[in-house]
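S.K.: Chains A and B, in that order, are what the protein sequence lines are. Every position in the first sequence, counted from 1, becomes a number in the working numbering once 3 is added. Every position in the second sequence, counted from 1, becomes a number in the working numbering once 3 is added. The beta carbon of each residue, even a glycine, is placed where N, CA and C say it ideally should be. Since the structure is predicted, the reported quantities are computational estimates derived from the model, not experimental observations.
Protein chains: 2
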Amino acid sequence: MKPISESTVTIIGLGLMGSSLAGALRGKCRKVVGVARRKETVNQAVSQGLIDAGTIDLEFGVQDADIVVLSTPVRTIIELVREIGPLLPESALLIDLGSTKEEIVENMSALPAHVQPLGGHPMCGKELSGIAAADPTLYRGKTFILVPLPRTAPEALDVGRELARTIGAVPLVLDDARRHDFLVATLSHLPYLLACALVQTADATTSEDPAAWEIVASGFRDTSRVAASAVDMMTDIILTNREEILGALQEYSSHLSELGRLVKNANEQELRQALSYAREKRMEMFP
Amino acid sequence: MKPISESTVTIIGLGLMGSSLAGALRGKCRKVVGVARRKETVNQAVSQGLIDAGTIDLEFGVQDADIVVLSTPVRTIIELVREIGPLLPESALLIDLGSTKEEIVENMSALPAHVQPLGGHPMCGKELSGIAAADPTLYRGKTFILVPLPRTAPEALDVGRELARTIGAVPLVLDDARRHDFLVATLSHLPYLLACALVQTADATTSEDPAAWEIVASGFRDTSRVAASAVDMMTDIILTNREEILGALQEYSSHLSELGRLVKNANEQELRQALSYAREKRMEMFP
Chain A
4 MKPISESTVT IIGLGLMGSS LAGALRGKCR KVVGVARRKE TVNQAVSQGL IDAGTIDLEF
64 GVQDADIVVL STPVRTIIEL VREIGPLLPE SALLIDLGST KEEIVENMSA LPAHVQPLGG
124 HPMCGKELSG IAAADPTLYR GKTFILVPLP RTAPEALDVG RELARTIGAV PLVLDDARRH
184 DFLVATLSHL PYLLACALVQ TADATTSEDP AAWEIVASGF RDTSRVAASA VDMMTDIILT
244 NREEILGALQ EYSSHLSELG RLVKNANEQE LRQALSYARE KRMEMFP
Chain B
4 MKPISESTVT IIGLGLMGSS LAGALRGKCR KVVGVARRKE TVNQAVSQGL IDAGTIDLEF
64 GVQDADIVVL STPVRTIIEL VREIGPLLPE SALLIDLGST KEEIVENMSA LPAHVQPLGG
124 HPMCGKELSG IAAADPTLYR GKTFILVPLP RTAPEALDVG RELARTIGAV PLVLDDARRH
184 DFLVATLSHL PYLLACALVQ TADATTSEDP AAWEIVASGF RDTSRVAASA VDMMTDIILT
244 NREEILGALQ EYSSHLSELG RLVKNANEQE LRQALSYARE KRMEMFP
């Protein structure tokens, strides 16, 4: 397989993640090609200098690609994986940027033998979405998870690592897609649902009081931030990781119920212990 | 009552809030006096240039004060309110910085007649605590809630407003301490408990997997941030606002259960609606 610097990289989907990736890669590989559903998005990517060439024609867009990156919502990634195989050149690396991996990797295993599949999940994002929010520095310093299949050649995994490093990210190989989905259910999808429920609660209980808007403190702002994430993206993520998310929700609810019980009973000693434990763990996680 | 510029302000408690207030006021009033339990804290406040004078002797510290600010954890504020009355000079303004108001204001109503009481709650903070984290800009641009009692003279409330403006904060008068506690239960105390339960969940389900630490994304960081708050402060807040917090927890749990139900049933249309509603509300709250 070719090094990144000599590769043509085709990015399918020019939302926040895809267009930021394009901007981060441009000039560092032979050619960056963008594929979008709408001509306006392609034109915008060109005029923002994010891609060398663009098209709304999938077949045409991938015909010379050494690397194809799927950066659409997860269920569209799955559809593309099912369809794209015959269109891909010999030995092309097919990688995706989806936030859940088990279903995607399962579908990748059925790709034709001439394709090298590799699951991917860069751990970054923003509240803003779409090409207008494109940021070539988005991946810098962030963990880029790579999930190889049993059939993925070691050289293909190496190219995946090189791709991550080229955009400033830190590659992390996880062999087990289910383990990936378990971890992100708690560390990423659960925080999103909590933030949504928090916003719903604030809306239901305080929205009729104008003072509420003036006293929304920094704590609420931070805790609710991810509730502003793109709904199409999050819906697909949730619906392709239901089991793990329900497990995380159950574990979470039991902790929250226990805290509620300590508050209700004014059990100061145990409450203090629980809050201290949470504080210490948070400080260990983010020293 | 004197204007702030001619007032001696005594701050009792030199933690994050008190020492930051001292630093913000110094040079803008006649004299800033600090009272702390430990001599080392007093010395540190002097050497950091936060106060003009300091003491561990409460009686001595307040004897010439025009304004006395209580900036300790809430239950210590309540004890101080019960004891400090006879020590205070004629017409002194006594204000507190506690995050719950009903119990404090109730106790303030029993102060001797020569004192002017005023409940206060500046809506700011940091994960860091203690005088080492002192930041004279902490209050800038933040809402500073003032809760006057029926006995509070209009001039005393005016001095409270002037105090808030002097440190760059925006005063907001709320006459009803219970309404204050209801609003902050949802907007401040609930986010704290959610963050604690989230950290407990992450710790319980992923801590044995070293990959978890590398994939903690920005969403988890933000959502869990307030779990690092000072435990002494938060324990007092929770134990003096139990009823409202339990109400907020109940409302929250019902929203989260409903989201869980939609995930479980893979009810895409309703899930999408709920997530879209949360996103819109979050964007309204923080445009």
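Going by DSSP, name the residue or residues bridged to Q119(B).
M.R.: L96(B)
S.K.: When you check each C-beta in the segment 264-278 of chain A against every C-beta of chain B, which residues fall closer than 8 Å?
M.R.: V266, K267, A269, E271, L274, R275, A277 and L278
S.K.: Helix, strand or coil for P76(B), going by three-state DSSP, please let me know.
M.R.: coil
S.K.: Tell me the DSSP secondary structure of A56(B) in three-state form.
M.R.: Looking at A56(B) - three-state DSSP - the assignment turns out to be strand.
S.K.: Can you tell me the Cα-Cα spacing of A220(B) and G123(A), whole angstroms?
M.R.: Per the coordinates, the alpha-carbon of A220(B) lies some 15 Å from the alpha-carbon of G123(A).
S.K.: At a Cβ threshold of 8 Å, is A200(A) touching chain B?
M.R.: yes
S.K.: Rounded C-beta distance between T243(A) and T103(A)? I'm assuming under 8 Å.
M.R.: 4 Å
S.K.: Span of the beta strand (DSSP E) holding G37(A)?
M.R.: K34 to V38
S.K.: With H, G and I counted as helix, E and B as strand and the rest as coil, what does DSSP make of L141(A)?
M.R.: coil
S.K.: Kindly give me the distance between the Cβ atoms of P89(A) and P115(A), rounded to whole angstroms, as I take these residues to be in contact under 8 Å.
M.R.: The pair is a contact, with the Cβ atoms about 7 Å apart (cut-off 8 Å).
S.K.: If you draw a straight line from the alpha carbon of Y195(B) to that of M288(A), how long is it in whole angstroms?
M.R.: 17 Å
S.K.: I want to see whether chain B comes within less than 8 Å of L217(A), judged by CB atoms only; does it?
M.R.: First, the amino acid is wrong: residue 217(A) is Glu here, not Leu. For E217(A), the answer is yes, since a Cβ of chain B falls inside 8 Å of its Cβ.
S.K.: Identify the contact partners of T146(A) in chain B, using a Cβ-Cβ distance below 7 Å as the criterion.
M.R.: E217 and I218
S.K.: Given a cut-off of 8 Å, decide if I218(B) and M2(A) are closer than it, judged by their beta-carbon atoms.
M.R.: The requested residue 2(A) does not occur in the structure, where chain A is confined to residues 4 to 290.
S.K.: For T243(A), name the three-state secondary structure that DSSP assigns.
M.R.: The answer is coil: DSSP assigns T243(A) none of H, G, I, E or B.
S.K.: Can you list the residues of chain A that G2(B) reaches, using a CB-CB cut of under 9 Å?
M.R.: Lying before the first or after the last residue shown, residue 2(B) is absent from chain B, which here runs from 4 to 290.
S.K.: Mind checking whether R245(A) and A269(B) have CB atoms under 8 Å apart?
M.R.: yes
S.K.: Around the Cβ of A167(A), are there at least 16 other Cβ atoms within 10 angstroms (buried) or fewer (exposed)?
M.R.: buried
S.K.: Helix, strand or coil, according to DSSP, for P6(A) in the structure here?
M.R.: coil
S.K.: Tell me whether the beta-carbon of A188(B) lies closer than 8 Å to the beta-carbon of I134(B).
M.R.: no
S.K.: A136(B) to E43(B), Cα distance in whole Å?
M.R.: 15 Å
S.K.: If contacts are defined as beta-carbon pairs under 8 Å, then I87(B) and G101(B) qualify, I think. What distance do you get, rounded to the angstrom?
M.R.: About 14 Å separates the two Cβ atoms, so there is no contact after all.
S.K.: Could you pull the start and end residues of the alpha helix (DSSP H) that I107(A) belongs to?
M.R.: E105 to M111
S.K.: By DSSP, does P89(A) sit in helix, in strand, or in coil?
M.R.: helix
S.K.: Taking the beta carbon of P6(A) as the centre, do at least 16 other beta carbons fall within 10 Å, making it buried, or is it exposed?
M.R.: exposed
S.K.: Using CA atoms only, rank isn't needed, just tell me which of V229(B), R78(B), G52(B) and V36(B) is closest to E62(B).
M.R.: V36(B)
S.K.: So if DSSP puts T11(B) in a beta bridge, which residue, or which two residues, is it bridged to?
M.R.: K34(B)
S.K.: Identify every run of the beta strand (DSSP E) within the segment 138-215 of chain A, keeping only runs that are complete inside it and at least 3 residues long; order them along the chain.
M.R.: 146-151 and 173-176
S.K.: Going along chain B in order, which residues have a C-beta closer than 7 Å to the C-beta of A214(A)?
M.R.: L175, L177 and L186
S.K.: Contact between the segment 251-262 of chain B and the segment 228-239 of chain B: three or more CB pairs below 8 Å?
M.R.: no
S.K.: For R78(A), count neighbouring Cβ atoms within 10 angstroms of its own Cβ and tell me buried if that reaches 16, exposed if not.
M.R.: It counts as buried.
S.K.: Excluding the 5 residues preceding and the 5 following F185(B) in the sequence, name in chain order all residues of the same chain whose CB lies nearer than 7 Å to its CB.
M.R.: E247
S.K.: Compare the C-beta of T189(B) with all C-beta atoms of chain A and state if any pair is closer than 8 Å.
M.R.: yes
S.K.: Check whether the Cβ atoms of D55(A) and P92(A) lie closer than 8 Å to each other.
M.R.: no
S.K.: Contact defined as beta carbons within less than 8 Å: I believe L190(A) pairs with L149(A). What is the distance between those atoms, to the nearest angstrom?
M.R.: Incorrect: roughly 17 Å between the Cβ atoms, too far for contact.
S.K.: For A25(A), which residues in the same chain have their Cβ closer than 6 Å to its Cβ, ignoring the five residues on either side in sequence?
M.R.: I14, V35, G37, L53 and I54
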